[in-house]
Amino acid sequence: MSTTPATLEDDAGKGPDDAPAAPAQPSAGGYPPLEGSARAFGTIALSAAVFMNVLDSSIANVSIPTIAGDLGVSATQGTWVITSFAVANAITVPLTGWLTQRFGQVRLFVLSVLLFVISSWLCGFAWSLESLVFFRVLQGAVAGPMIPLSQSLMLASYPRAKAGMALALWSMTILVGPIAGPLLGGWISDNYSWSWIFYINVPVGLLAGWASWQVYKARESRRVHLPIDRMGLFLLVVWVGALQLILDKGKELEWFASPLICVLAVATVVAFVYFVIWELTAAHPVVDLTLFAQRNFTSGTIALSVAYGVFFGTVVLLPLWLQNTMGYTATWAGVASAPVGILAIILSPVVGKLLARHDPRPIATIAFLIFALISYMRAQFNTSVDLYTVMLPTFIQGAAMATFFIPLTTISLSGLSPDRIPAAAGLSNFFRLVCGAFGTSITTTIWDNRATLHHSRLTEVARPGEPAFDHIMGGLQGLGVDPRHGAGMLDGVINQQAYTMSATDIFYASALIFLVLIGLIWLARPKSAAHGGSGASAGAH
């Protein structure tokens with residue numbers, strides 16, 4: 016990227032006479048890593064901010080019926096509370112690199128945290144659906160840079176040899192947040208006011224923002240005053256916003272049967288094509304698409320994003336199947352999903368240590384093999400499955416999460432220069448979020464479509480004249496059930512079987528996708544720290 020018309024600022028704000036012992040200015044290699052209590056304090060502060068962000072992206076999901084009832088709107092209208100956050104967040108995540116150059120990564124991170132606190136308080140204070148949606152847009156927009164910048168600052172806090180450990184500690188909050196969100200959101204909504212799902216961010220965010228500033232204020236990155244890429248920004252808002260609306264509302268509006276979805280699809284394609292052309296030719300692009308010229312970044316980001324989409328789709332599908340088909344309550348569906356965090360938390364530090372000495376590709380391969388195994392285990396589910404059988408693959412899945420997220424993040428950031436890490440982290444997280452949205456929409460749509468198919472096939476033999484049908488109906492009539500109610504009961508059983516068979520179809524397909532993705536991992540060529548290569552931390556030092 017050319018920086019001829021740009022000017023650089025001295026962000027340290029100190030003259031030569033009052034420079035500290037450590038270098039006040041970031042060199043080409045960045046600041047030296049933190050030591051001792053400063054590193055521990057910084058890790059806790061960054062993790063708290065990330066946990067707050069990730070938690071808030073999922074905590075409102077289970078509270079939508081409560082929020083909608085309290086504000087006097089339908090549950091369908093209430094889903095805009097989720098959609099508005101997702102759209103705004105998806106737009107600002109890829110802007111992280113450009114915003115970092117303009118404001119500095121420490122300033123931008125702390126500002127994002129504080130604005131997130133303010134917007135969270137406003138969400139809790141909302142008096143109508145319109146005001147809540149507006150404040151959720153603000154919350155999603157300011158939340159965008161938080162996760163990529165926390166990743167970049169965490170890497171800069173640790174020596175290169177401990178980059179894997181830094182990513183392990185950082186990823187633990189990413190892994191636990193989506194699990195704790197629905198459980199905490201449901202408990203708060205049932206026992207307190209829904210406003211408290213937003214108010215709880217205030218003390219956490221204030222402490223995280225203050226602590227982050229105290230630790231990192233003397234480690235600010237250089238600021239570059241670049242011209243604002245207005246056209247690139249406009250095109251980004253159009254295609255990302257339209258795409259997110261398609262993914263969030265497509266199923267509800269019956270996809271391309273809806274004129275609105277068709278218009279949004281055309282807007283997405285046209286704006287995206289123009290966006291790519293513009294960003295590749297602009298002197299100061301708002302999103303650095305040349306990162307995809309890096310082999311490691313491309314293969315790592317695609318593998319991470321697609322795998323996350325498949326994983327997130329099954330994360331959404333499992334509780335839906337348990338509640339809608341198997342009769343589980345929201346609380347018990349949450350309990351069945353909760354064990355996934357156990358092994359993820361235990362093994363993440365172990366994986367971090369392994370990455371300091373070993374190639375990340377075999378570790379990521381193991382993760383995908385485990386994902387394929389648990390998908391196959393779930394494909395054996397039936398309508399008689401018990402809670403233990405449901406929880407066992409969920410528990411094992413924690414090992415896959417610990418060995419999948421960290422190595423693939425290491426691969427995607429491997430070999431990048433320090434000034435490109437925030438942009439790379441933002442772009443990688445953006446594609447991960449988009450694929451997560453794709454995974455949710457595609458999975459729920461296929462689940463319904465396959466269930467309809469299985470239902471039609473099962474009803475072909477559930478009709479008068481078929482021995483099995485006549486036998487069941489005769490038995491029900493012998494118990495005093497009239498034919499109309501008996502047919503309704505039988506249809507309920509067929510529905511349960513159809514949706515279960517549809518879910519197992521998706522689990523089978525997921526297992527195959529994870530196996531195919533293994534080949535993509537090995538297209539990367541990262542060098543481990545043990546061999547003196549520039550791993551993920553290279554961009555932080």
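First residue of the sequence shown? That's 16 in our numbering, and the numbers climb one at a time after it. All C-beta atoms, glycine included, are put in the ideal place defined by N, C-alpha and C.
In the DSSP assignment, Arg376 is bridged to no other residue. Of all C-beta pairs linking the region 183 to 192 to the region 456 to 472, fewer than three are shorter than 8 Å, placing the two stretches out of contact. Between Leu250 and Ala286, the beta carbon gap of about 5 Å places them in contact (Cβ cut-off 8 Å). Here Gly328 is buried: its Cβ has 16 or more other Cβ atoms, across all protein chains shown, within 10 Å. Under DSSP, Arg245 forms no beta bridge with any residue. Taking 9 Å as the cut-off, the beta carbon of Phe312 is found no closer than this to the beta carbon of Ala105.
The beta-carbon separation of Phe118 and Leu137, rounded to 22 Å, does not stay under the 8 Å limit for a contact. Ranked by Cα distance from Gln166, the first of Ala176, Ala181 and Ile133 is Ala181. DSSP places Ile162 in the uninterrupted alpha helix (DSSP H) bounded by Met161 to Ser172. The DSSP-derived three-state label of Arg540 is coil. The way I'd put it, the region 425 to 439 doesn't touch the region 342 to 351; fewer than three beta-carbon pairs between them come closer than 8 Å. For Val302, DSSP records no beta bridge to any residue. Sequence-distant Cβ neighbours of Trp113 in its own chain, meaning closer than 6 Å and more than five residues away, are Val301. Scanning its chain for C-beta atoms nearer than 8 Å, with the 5 sequence neighbours on each side dropped, one finds around Thr424 the residues Gln166, Leu182, Ser186, Gly315, Leu319, Ser443 and Ala551, in chain order.
Under the DSSP assignment, Tyr207 falls outside any alpha helix (DSSP H); it carries neither an H nor an E label. In the three-state DSSP reduction, Phe396 falls in the coil class, being neither helix nor strand. Around Met246, the same chain offers Trp293 as residues with beta carbons nearer than 7 Å, after the five sequence neighbours per side are excluded. Segment contact: the region 261 to 277 against the region 394 to 405, fewer than three CB-CB distances shorter than 8 Å; contact not assigned.
Secondary structure of Lys266 (DSSP, three-state): coil. Considering only Leu61, Pro160 and Gln92, the residue with the shortest C-alpha distance to Val108 is Pro160. Its chain contains Ser390, Arg393 and Ala394 as the residues whose beta carbon lies nearer than 6 Å to that of Phe522, once the 5 sequence neighbours on both sides are disregarded; these appear in chain order. Apart from the 5 residues on each side of it in sequence, Tyr231 sits with its Cβ closer than 7 Å to the Cβ of Gly57, Val121 and Leu168 in its chain, given in chain order. Ranking Pro242, Val239 and Ile276 by CA distance to the CA of Gly256 puts Ile276 first. CA-to-CA, the gap between Val355 and Ala415 works out to about 9 Å.
Its chain contains Thr188 and Gly192 as the residues whose beta carbon lies nearer than 6 Å to that of Phe66, once the 5 sequence neighbours on both sides are disregarded; these appear in chain order.
In the structure shown, Val476 adopts coil according to DSSP, grouped into three states. Rounded to whole angstroms, the separation of the alpha carbons of Leu126 and Ile533 is 39 Å. Sorting Pro80, Phe131, Leu221 and Tyr214 by C-alpha distance to the C-alpha of Asp205 places Pro80 at the top. Taking the Cα positions, Gln512 is about 16 Å away from Pro334. By the 16-neighbour rule on beta-carbons within 10 angstroms, Thr519 is buried. Check the Cα spacing between Ala282 and each of Leu258, Gln116 and Ala298: the tightest is with Leu258. Assigned with DSSP and collapsed to three states, Thr340 falls in coil, not helix or strand.
Minimum Cα-Cα distance from Trp225 among the listed residues Phe124, Glu145, Ile162 and His469 corresponds to Phe124. In this structure, the straight-line span from the alpha carbon of Ala83 to that of Gly200 is close to 14 Å. The beta carbon of Gly87 is closer than 6 Å to none in its chain, skipping five residues each way along the sequence.
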